[in-house]
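I have placed the structure first, in the form of structure tokens, so that the comments after it can refer back to it.
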Amino acid sequence: MNPPCAAPLPFDALIAYHAGELSEEEGARVEAHYFGCAHCAERLEVVSLLARGVIQLVHGGGLMVFSTMAMIDRARSLGIVLREYRTDPGQHVHCTGGPTDDFVVTRYGGLAGVTAVDLHFRGTILGTDQVITMEYPDAPVDQRTGDVVLAAPGALNRSLPPLEIEVRLTVRDADGARELGPYYYHHRPWDMLDEGERARRAGR
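Residue numbering for the sequence shown follows the working numbering, beginning at 136 and increasing consecutively.
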């Protein structure tokens with residue numbers, strides 16, 4: 136691993152550079168830094184590996200990027216700020232998105248031996264009858280951990296209202312289809328929480 140950088144490039148600047156969204160002057164400033172900094176060059180490589188999912192997420196209005204724990208661990212080792220939650224079927228997690236999070240990672244377990252699932256997301260906005268639903272067919276399962284690993288940008292998590300979330304997974308194999316879950320997530324915006332609740336929702 137390369138030695139850490141004393142003044143690393145911000146993660147959002149790396150994404151914008153990779154997506155070609157910086158001005159010529161800003162892009163030149165980023166290039167001047169990472170060409171002379173092995174640590175930030177490696178961080179940019181992680182952005183490149185995640186880029187298809189991240190850019191689709193930011194520009195396509197989606198909420199989730201599928202990843203692996205090897206990629207998540209590598210990103211964390213490079214100083215990318217990750218908040219991580221993991222659940223098994225039937226478990227409840229109290230979650231949030233903090234002010235410095237680059238990504239919030241959620242992991243759905245109990246899938247050893249399964250290669251892919253259909254993921255069904257349902258989030259009810261607290262105190263209303265408004266429901267957000269999303270479907271993700273053929274979501275890959277991390278074969279090392281037996282988890283579906285999802286990442287959402289911290290900025291997007293910080294913009295979410297308080298949500299009561301249920302995630303269900305459909306496994307399809309030679310014997311037909313079976314459902315796993317639900318996995319329960321109780322999301323509250325950071326600004327709604329006192330210090331005790333923020334600590335309780337720290338994740339990993």
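For glycine and all other residues, C-beta sits at the position ideal for the given N, C-alpha and C.
Checklist entry - Leaving out the 5 sequence neighbours to the left and right, which residues in its chain are closer than 7 Å to Pro224 when beta-carbon positions are compared? => result Numbered from 1 along the sequence shown, position 89 holds the residue referred to as residue 224. Same-chain partners within the cutoff: Gly245, Leu315, Gly316, Tyr318.
Checklist entry - Does the pairing of the region 249–268 with the region 222–238 give three or more beta-carbon distances under 8 Å? => result no
Next on the checklist: Closest to Ala167 by C-alpha separation, out of Glu301, Arg335, Leu144, would be which residue?
Outcome noted: Counting from 1 along the sequence shown, the entry for residue 167 is found at position 32. Looking at the Cα atoms, Leu144 is the closest of the given residues.
Next on the checklist: I want to know whether the region 247–254 touches the region 270–285 - three or more CB-CB distances under 8 Å.
Outcome noted: yes
Item to check | Integer Cβ distance of Ile260 from Pro288, believed to fall under 8 Å | outcome: Looking up residue 260 in the sequence shown gives position 125. Looking up residue 288 in the sequence shown gives position 153. The Cβ separation is near 20 Å, so there is no contact.
Checklist entry - Does DSSP put Val240 in a helix, in a strand, or in coil? => result In the sequence shown, the residue the question calls residue 240 occupies position 105. Correct three-state label for Val240: strand.
Checklist entry - Between the Cα of Tyr243 and the Cα atoms of Arg209, Gly281, Glu156, which residue gives the shortest distance? => result Mapped onto the sequence shown, residue 243 falls at position 108. Among Arg209, Gly281, Glu156, the Cα nearest to that of Tyr243 belongs to Gly281.
Next on the checklist: Please identify the residue among Ile207, Ala286, Pro324, Val284 whose C-alpha is closest to the C-alpha of Ser294.
Outcome noted: Here residue 294 refers to the residue found at position 159 of the sequence shown. Looking at the Cα atoms, Pro324 is the closest of the given residues.
Checklist entry - Who are the near neighbours of Asp277 in its chain, counting only those whose CB is closer than 7 Å to its CB and skipping five residues on each side? => result Within the sequence shown, numbered from 1, the residue matching residue 277 stands at position 142. Cβ within range, chain order: Thr203, Met204, Val284.
Item to check | Local Cβ density within 10 Å of Gly196, reported as buried at 16 or more and exposed below that | outcome: Sequence index remark: in the sequence shown, residue 196 carries index 61 (1-based). Note that Gly196 scores 40 on pLDDT, short of 50, meaning its location in the model is unreliable and no value can be drawn from it.
Checklist entry - Measuring CA to CA, which of Cys140, Arg164, Arg336, Glu159 is closest to Ala173? => result Your numbering for residue 173 matches position 38 in the sequence shown. Answer by Cα proximity: Cys140.
Item to check | Cβ separation of Arg336 and Glu301, assumed to be a contact under 8 Å, to the nearest whole Å | outcome: Along the sequence shown, one-based indexing puts residue 336 at 201. Along the sequence shown, one-based indexing puts residue 301 at 166. With a Cβ gap of about 18 Å, Arg336 and Glu301 do not count as contacting.
Next on the checklist: Report the start-end ranges of each beta strand (DSSP E) in the region 224–307 that is 3 residues or longer and not cut off at the edges.
Outcome noted: 227–230, 238–243, 251–260, 266–275, 283–288
Checklist entry - Got a sec, what are the start and stop residues for the beta strand (DSSP E) Arg93 sits in? => result Because the chain is modelled from 136 through 339, residue 93 falls outside the range shown and cannot be assessed.
Next on the checklist: So, with DSSP's three-state summary, where would you put Arg313?
Outcome noted: Here residue 313 is taken as the residue at index 178 of the sequence shown, counted from 1. Looking at Arg313 - three-state DSSP - the assignment turns out to be strand.
Next on the checklist: Does Glu219 come out as helix, strand or coil in the three-state DSSP assignment?
Outcome noted: Position 84 of the sequence shown, counting from 1, holds the residue named residue 219. Looking at Glu219 - three-state DSSP - the assignment turns out to be strand.
Item to check | Distance, Asp329 Cα to Ala312 Cα | outcome: Residue 312 sits at position 177 when you count from the first residue of the sequence shown. Residue 329 sits at position 194 when you count from the first residue of the sequence shown. In a straight line, the C-alpha of Ala312 is about 43 Å away from that of Asp329.
Item to check | Limits of the beta strand (DSSP E) - the one that Ser202 falls within | outcome: Counting from one through the sequence shown, the residue named residue 202 turns up at place 67. Taken as a continuous stretch (DSSP letters only), the beta strand (DSSP E) holding Ser202 covers 200–202.
Item to check | Beta-carbon proximity check, Val239 vs Arg218, cutoff 8 Å | outcome: Indexing the sequence shown from 1 puts residue 239 at position 104. Indexing the sequence shown from 1 puts residue 218 at position 83. Yes, Cβ-Cβ distance for Val239 and Arg218 is below 8 Å.
Checklist entry - Whose CA, out of Ala334, Glu161, His255, lies closest to the CA of Val306? => result Start at 1 with the first residue of the sequence shown, and residue 306 comes out as number 171. It is His255 whose Cα lies nearest to the Cα of Val306.
Checklist entry - How is the alpha helix (DSSP H) around Gly162 delimited, first residue to last? => result Taking the sequence shown and counting its residues from 1, the one referred to as residue 162 is at position 27. Unbroken alpha helix (DSSP H) run through Gly162: 159–170.
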